[in-house]
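J.: What follows is a structure written as structure tokens; I'll ask about it next.
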Amino acid sequence: MAAQKNSRERRELVLLCFFLGSLWETGSGQIRYSVPEETDKGYVVGNISKDLGLKSPGLAEYGVRIVSRGNTQLFALNPSQGSLVTVGRIDREELCAQSARCVVQINILVEDRGKLFGVEIEITDINDNAPKFQAENLEVKINEIAAPGAHYPLPEAIDLDVGANSLQGYQLSPSHHFSLDVQTGDAGTLNPELVLERALDREREAAHHLVLTAFDGGDPRRSSTVRIRVTVMDTNDNAPVFAQPVYRVKVPENVLPGSRLLTVKATDPDEGINGKVTYKFRKINEKQSSLFQLNENTGEIATAKSLDYEECTFYEMEIQAEDVGPLLGRTKVLISVEDVNDNRPEVMVTSLFSPILESSLPGTIIAFLNVHDRDSGKNGQVVCSTADDLPFRLEKSIDNYYRLVTWEYLDRERVSMYNISVMASDLGTPPLSTEIHIALHVSDTNDNPPAFLHTTYSAYIPENNPRGASIFSVTAHDPDSEANARITYSLAEDTLLGAPLSSYISINSDTGVIYALQSFDYEQTRDLKLQVTARDSGDPPLSSNVSLSVFVLDQNDNAPKILYPAFPTDGSTGVELAPRSAEPGYLVTKVVAVDRDSGQNAWLSYRLLKASEPGLFAVGVHTGEVRTERALQDRDALKQSLVVAVQDHGQPPLSATVTLTVAVADSIPDVLADLGSLEPSHDSDASDLTLYLVVAVAVVSCVFLAFVIVLLALRLRRWHKSRLFQAEGGELAGVPASHFMGINGVQAFLQTYSHEVSLTADSGKSHVIFPQPNYADTLISQESCEKNDPLLTFIDFHECKDEATGGQVSSGLGYYF
332 MAAQKNSRER RELVLLCFFL GSLWETGSGQ IRYSVPEETD KGYVVGNISK DLGLKSPGLA
392 EYGVRIVSRG NTQLFALNPS QGSLVTVGRI DREELCAQSA RCVVQINILV EDRGKLFGVE
452 IEITDINDNA PKFQAENLEV KINEIAAPGA HYPLPEAIDL DVGANSLQGY QLSPSHHFSL
512 DVQTGDAGTL NPELVLERAL DREREAAHHL VLTAFDGGDP RRSSTVRIRV TVMDTNDNAP
572 VFAQPVYRVK VPENVLPGSR LLTVKATDPD EGINGKVTYK FRKINEKQSS LFQLNENTGE
632 IATAKSLDYE ECTFYEMEIQ AEDVGPLLGR TKVLISVEDV NDNRPEVMVT SLFSPILESS
692 LPGTIIAFLN VHDRDSGKNG QVVCSTADDL PFRLEKSIDN YYRLVTWEYL DRERVSMYNI
752 SVMASDLGTP PLSTEIHIAL HVSDTNDNPP AFLHTTYSAY IPENNPRGAS IFSVTAHDPD
812 SEANARITYS LAEDTLLGAP LSSYISINSD TGVIYALQSF DYEQTRDLKL QVTARDSGDP
872 PLSSNVSLSV FVLDQNDNAP KILYPAFPTD GSTGVELAPR SAEPGYLVTK VVAVDRDSGQ
932 NAWLSYRLLK ASEPGLFAVG VHTGEVRTER ALQDRDALKQ SLVVAVQDHG QPPLSATVTL
992 TVAVADSIPD VLADLGSLEP SHDSDASDLT LYLVVAVAVV SCVFLAFVIV LLALRLRRWH
1052 KSRLFQAEGG ELAGVPASHF MGINGVQAFL QTYSHEVSLT ADSGKSHVIF PQPNYADTLI
1112 SQESCEKNDP LLTFIDFHEC KDEATGGQVS SGLGYYF
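Below, the structure written as structure tokens:
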């Protein structure tokens, strides 16, 4: 039971707090102060910081300010002390006239909380005004036959103060003939009347002088006087009488000046001059006397100026009718001013929170508006609205305040500035409206990453480019603004040929221009894959990536490299053999060359640059094959020297040359015999030289024969092993015995080879560098395989094939002695 009771009490407490909070939100809790009028500037009205519930007296940090309307501000805030003070001296009578209670209402906005508070300040009266008569001197005419007890109205004094400080009574100076009687009117006004106590005798005393004093009840008491001259007149026994004791009239505020409002009428039963009546304003204040005019002869009341309902809605005055004698009549005139819809609504922006972040939540307050219409009734009721196509709406706050809030998310990239139109219309007939425009700027948040136009890019750069050359430029766009749209570019970390990519490529972080830090070689690097990152400067930063493929374009920077014939490195002399019986078209040898470039830069053509016997040999333009052009004759030299040039098709073209030595003989012994005679002999002892040559040839032949026998044995052994490997699924690694040939009973070793070579260019000359040879199967032309050469008694090749590809390597047949 106790637990249920506690739970019920907590729920009641929560509901109470919610109810009090809602009252505070709507501004139902008024803050009230009072201040006496005529205080000096800076008078402290109250501790507004404490009454608003602020933790510290500093008002600036909470954004506290007065947002009340009006041209003249009576109060101000002291930000440091947190108090409400007066701006200057306050005159209650000027502010509220003779209203019993003078209250000034202001509104205070606390921007930090987004709340408005109503403050009610009562201006209390002090006795700063004395009762005042309209004139300092007054003449009263009384007929000498007037009976004692007759009453004669006297002018009333006006005191602008209220309450005890207002007019409290009158006092008449001592007199034997007159006394003072004060009547209290319906509205509590005091009307002094002169009472005749004793009969008058004009012949004895034609005039009496009195002093009427009016006093208030203030402390100290204030008073004023009027001198009254009583003139004793001859007999006029009938006073003017008005047709109505009270005249009432309603007039619209837009009546034109000079318009007739009404006519008062008084009659006097006397005849002659004693019956003539004139009209005067008896009781009217200074403001009213300038607005209305009275025809003293006809009693017609007309407007002298335009009336304004917003300044005054009701006028009260007294009209006095008097004849030529001392008799008077009076009536009261009540004029009610009716409101017309002549004032447009006024809209004032009291607070504007601009710019606003585009990430602001719906319901964010943008501005506080104060709407006011000086008219009354329906003419003063105002309805506010905004355009329906904007993401904003108006919400009613306290009094005549509205707040402009967002109702959906904003997007600065779509709309960066709104021109919000607020229409305020009253309910009058016809309605009047006012439209204001609020410029709201939307500030940017970093909600868009940089974007490239394409997902991938391709760029091309020729090889041998200069360092620092521009390769490509990437550009990303960010629809954000300022720092959120400031883009920096970078390359993703990667490696190329074992080195960091940053040592080859760089990018300008501001412009996105990509530069080459090194000169590229097409033969080493043909393409690069890069990833470019574009990152903005927002907080947090956003980024996006794009792929860039850089292709290196080939240039003709490599001269052709001749692979065959290659100069031997063992000191022997390499020659090509051409039998004397060779027919025209006989394939003597083949020049094999490659070019490391690609495309047309690697297309090679061959030509015979120089020959010891012109017209004997020809070189295939595309194949590099050296063939006989005609049949060999006995007169042809045994040793022919050919210079073959190989040239590519680059721009400019590069070339290389090779010198071939062709031995013309039917057999190897003929070659050996003829080699000694190739050099011309200039020695006188020719017979000794011949002997030495014969001995040398014999020794060389014996050594060669022994070498062939040993090599044949080794080849047979390796061939036997290779057969065993083939049985086990291995590859043939040995050299078959068919690589030996017999020429007239002499065994010669046929060496097949393939070389890996590299070419360098120095001062326009081509140099060939031969690394360690790599022996492989012999590649010769198919045509030479099909011919029956009488010099070859036994040749067994694994393959007779002519391969021609880009960068092909074709091995020729060489004889070494």
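With this note's numbering as the guide, the letters of the sequence shown map in order to residues 332 to 1148.
Every residue gets a Cβ at the ideal spot worked out from N, C-alpha and C, and that includes glycine.
Specify, as a first and last residue, the run of the beta strand (DSSP E) that residue 978 falls within.
T.: First-last of the beta strand (DSSP E) with residue 978: 970-979.
J.: Give me the Cα-Cα distance between residue 552 and residue 574, rounded to the nearest whole angstrom.
T.: Approximately 41 Å, taken between the alpha carbons.
J.: Quick one: Cα of residue 559 to Cα of residue 630, how far?
T.: Their backbone Cα atoms lie some 27 Å apart in a straight line.
J.: Give me, in chain order, the residues of the same chain whose beta-carbon lies closer than 7 Å to that of residue 757; leave out the 5 immediate sequence neighbours on both sides.
T.: So the list reads 672, 676, 704, 706, 710, 711, 712, 713, 763, once near-sequence residues are dropped.
J.: Do residue 841 and residue 815 have their C-beta atoms closer together than 8 Å?
T.: Cβ distance not < 8 Å, so residue 841 and residue 815 don't count as in contact.
J.: Please state whether the Cβ-Cβ distance between residue 878 and residue 866 is less than 8 Å.
T.: It is not a contact, given that the beta carbons lie outside the stated cut-off.
J.: Would you mind reading off the limits of the alpha helix (DSSP H) that contains residue 427?
T.: Its alpha helix (DSSP H) spans residues 423-427.
J.: What separation, rounded to the nearest whole angstrom, lies between the Cα atoms of residue 728 and residue 447?
T.: Cα-Cα distance, rounded: 8 Å.
J.: I'd like the list of long-range same chain contacts for residue 737, defined as Cβ closer than 7 Å, with 5 residues on each side in sequence excluded.
T.: So the list reads 691, 693, 694, 695, 697, 722, 723, once near-sequence residues are dropped.
J.: What does a CB cutoff of less than 6 Å around residue 1013 pick up in its chain, not counting 5 residues either side in sequence?
T.: Summary for residue 1013: the model assigns pLDDT 44, below 50, so the residue's position carries little reliability; its value from the coordinates is reported in the next sentence. So no residue of the chain qualifies.
J.: One question on the structure: do residue 449 and residue 416 come within less than 8 Å of each other, judged by their Cβ atoms?
T.: Not closer than 8 Å, so no.
J.: Is it buried or exposed, residue 803, if we count other Cβ atoms within 10 angstroms and call 16 or more buried?
T.: That one is buried.
J.: Can you find the residues in the same chain that come closer than 7 Å, C-beta to C-beta, to residue 885, ignoring five residues on each side of it along the sequence?
T.: Answer for residue 885: 794, 853, 928, 929, 930, 932, listed in chain order.
J.: Measure the CB-CB distance between residue 376 and residue 452 and report whether it falls below 8 Å.
T.: Yes; because the gap between Cβ atoms is below 8 Å, this pair is in contact.
J.: Please list the terminal residues of the continuous beta strand (DSSP E) segment that includes residue 619.
T.: It is not in any beta strand (DSSP E) - residue 619 instead sits in the alpha helix (DSSP H) that spans 617-622.
J.: In the structure shown, what three-state DSSP assignment does residue 652 receive?
T.: In the structure shown, residue 652 sits in a strand (DSSP, three-state: E or B).
J.: In whole angstroms, what is the alpha-carbon distance linking residue 937 and residue 961?
T.: Residue 937 and residue 961: Cα-Cα distance of roughly 20 Å.
J.: Starting from the Cα of residue 786, find the closest Cα among 797, 806, 798, 800 and give me that residue.
T.: Nearest C-alpha to residue 786: 806.
J.: Give the secondary structure of residue 702 by DSSP, where H, G and I count as helix, E and B as strand, and everything else as coil.
T.: In this structure, residue 702 counts as strand in the three-state DSSP scheme.
J.: Have a look at 862, 613, 586, 478 and flag the residue whose alpha-carbon is nearest the alpha-carbon of residue 783.
T.: When only C-alpha atoms are compared, the closest one is 862.
J.: Find the nearest neighbour of residue 953 within the set 980, 970, 964, judged by alpha-carbon distance.
T.: Closest option to residue 953, Cα to Cα, is 980.
J.: Considering only residues of the segment 742-789, which uninterrupted beta strand (DSSP E) runs meet the minimum length of 3 residues and lie entirely inside it, listed in chain order?
T.: Entirely contained in the segment 742-789, the beta strand (DSSP E) runs reaching 3 residues are, in chain order, 748-757, 764-774.
J.: Just mark residue 1103 as buried or exposed, buried being the case when its beta carbon has 16 or more other beta carbons within 10 Å.
T.: Unreliable positioning characterises residue 1103 in this predicted model, as indicated by a pLDDT of 34, which lies under 50. A coordinate reading is not provided.
J.: Which of the three DSSP states is assigned to residue 828 in this structure?
T.: Coil.
J.: Could you tell me the distance, in whole angstroms, from the CA atom of residue 1115 to the CA atom of residue 995?
T.: Low confidence applies here, because residue 1115 scores a pLDDT of 35, under 50, leaving its location unreliable; read the following figure in that light. Taking the straight line joining both Cα atoms gives about 17 Å.
J.: Are the segment 906-924 and the segment 824-834 touching by the rule of at least three beta carbon pairs closer than 8 Å?
T.: Taking 8 Å as the limit for Cβ pairs, the verdict is that the segment 824-834 does not touch the segment 906-924.
J.: The alpha helix (DSSP H) with residue 380 in it runs from where to where?
T.: That run of the alpha helix (DSSP H) goes 379-382.
J.: Exposed or buried, what is residue 291 when buried is set at 16 or more other beta-carbons lying within 10 Å of its beta-carbon?
T.: Nothing can be reported for residue 291, as the shown portion of the chain is limited to 332 through 1148.
J.: What are the boundary residues of the beta strand (DSSP E) that residue 643 is part of?
T.: Note, residue 643: premise wrong, no beta strand (DSSP E); not H, not E.
J.: So, residue 593 versus residue 632, is the Cβ gap smaller than 8 Å?
T.: Result yes, Cβ atoms of residue 593 and residue 632 sit closer than 8 Å.
J.: Could you spell out the range, first to last residue, of the beta strand (DSSP E) harbouring residue 438?
T.: Segment 434-441, the beta strand (DSSP E) holding residue 438.
J.: State the Cα-Cα distance for the pair residue 424 and residue 361, rounded to the nearest angstrom.
T.: When rounded, the distance between both Cα atoms is 25 Å.
J.: In the DSSP assignment, find the unbroken beta strand (DSSP E) run with residue 581 in it and report its ends.
T.: Its beta strand (DSSP E) spans residues 577-583.
J.: Between residue 505 and residue 513, is the Cβ-Cβ spacing less than 8 Å?
T.: Their beta carbons are not under 8 Å apart, which means residue 505 does not touch residue 513 by this criterion.
J.: By the three-class DSSP mapping on this structure, what secondary structure does residue 731 have?
T.: Looking at residue 731 - three-state DSSP - the assignment turns out to be coil, as it is neither helix nor strand.
J.: When the Cα atoms are used, what is the spatial distance from residue 627 to residue 655?
T.: Rounded to whole angstroms, residue 627 to residue 655 spans 13 Å at the Cα level.
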